[in-house]
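Scroll down for the structure; my scribbles are underneath it.
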Ligand code: GLU
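In our numbering, the protein residues as written are 2 to 287.
The structure is reproduced here in structure tokens:
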């Protein structure tokens with residue numbers, strides 16, 4: 002099979018060393034497989050994405066020595082594709098509208114122990130099912146759309162036949178979907194978000210990986226537990242199975258994972274200060 006991978010940053014801030022590690026790992030795996038490296042701009046959250054961050058992504062990646070075919074895929078150009086997929090899931094009776102706020106979910110989960118935190122899954126709190134009885138017929142603009150996990154599992158039958166290969170350094174090998182884990186450890190995930198008004202990450206990522214012909218997704222180990230969601234959506238939407246390579250996370254001197262939100266030092270800052278791409282590679286152990 003022809004090897005195709007991608008780097009899929011969101012232009013919500015400057016790239017840091019963690020992104021450099023992810024992009025370079027993907028790029029080098031593509032080279033080692035004489036395959037292809039693609040770029041995708043995950044700009045679905047229009048309230049947080051900015052064109053200047055996107056321009057900086059291109060400049061940083063070029064400076065690191067990466068090349069990719071043009072045009073670059075943008076999530077914002079694919080709303081019809083996501084809407085079609087949601088329609089398909091609607092026809093199958095697998096989605097429902099949800100008006101719950103974070104506070105509603107917290108209240109529903111923590112009663113009767115006031116203030117207790119709801120259990121967490123790879124998509125955040127495991128949804129208590131408050132809106133599960135609702136149907137798309139009473140969908141109101143501005144509501145989120147959730148997957149009815151129990152119905153999805155019933156539709157697919159024995160989900161252990163859906164597997165994927167993990168090629169990264171952790172949990173390497175074949176994994177299979179597990180119905181119990183999906184019900185109790187994942188729950189009714191959000192597929193479209195009210196505040197964004199478009200597909201949520203889990204839905205867009207599987208459709209975009211399929212559209213770009215990705216054979217292996219290279220990304221940080223923080224997304225390891227989300228892979229079961231992606232494999233499930235591939236099964237529901239008849240998309241091909243792909244491999245996943247979750248790499249280690251780059252941490253700061255206190256052992257904290259680098260994040261855009263905390264002020265992890267931007268690649269562009271290193272660039273301004275006269276560091277070379279080789280210096281950066283050495284810093285992240287490449
Ligand atoms: N846009 C996602 C991120 O920046 C990419 C996730 C993925 O590679 O699947 O974390």
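In this text, a Cβ means the ideal position worked out from N, Cα and C, and glycines have one as well. All figures in this text were calculated on a predicted structure; none of them were measured in a lab.
- In this structure, residue 278 lies near residue 66, with their beta-carbon atoms less than 9 Å apart.
- Look at residue 199 here: in three-state DSSP terms it is strand.
- Proximity to the ligand GLU was defined by a C-beta distance below 6 Å to any of its heavy atoms, and the residues meeting it, in sequence along the chain, are 9, 10, 11, 43, 206, 218, 220, 224.
- Between the region 252 to 271 and the region 5 to 22, the count of Cβ pairs shorter than 8 Å is three or higher; the stretches touch.
- Here residue 50 has 11, 12, 13, 44 as same chain residues with Cβ atoms under 7 Å from its own Cβ, once five neighbours each way along the sequence are excluded.
- Excluding sequence positions up to five before and after residue 207, its CB lies within less than 8 Å of the CB of 231, 234, 235, 238, 240, all in the same chain and listed in chain order.
- Of the candidates 130, 163, 222, the residue whose Cα lies closest to the Cα of residue 108 is 130.
- Judged by pairs of C-beta atoms under 8 Å, the region 181 to 198 does not touch the region 207 to 222, as fewer than three such pairs exist.
- Between the alpha carbons of residue 244 and residue 253 lies a gap of roughly 29 Å.
- Rounded to whole angstroms, the Cβ separation of residue 164 and residue 175 is 5 Å, and the two are in contact under 8 Å.
- Of the residues 52, 249, 42, 64, the one whose Cα lies closest to the Cα of residue 75 is 42.
- Residue 246 is bridged by DSSP to 219.
- When the Cα atoms are used, residue 170 and residue 9 turn out to be separated by approximately 20 Å.
- Residue state for residue 83 is assigned as helix, using DSSP reduced to three classes.
- For the 9 Å CB-CB criterion, residue 199 and residue 276 do not form a contact.
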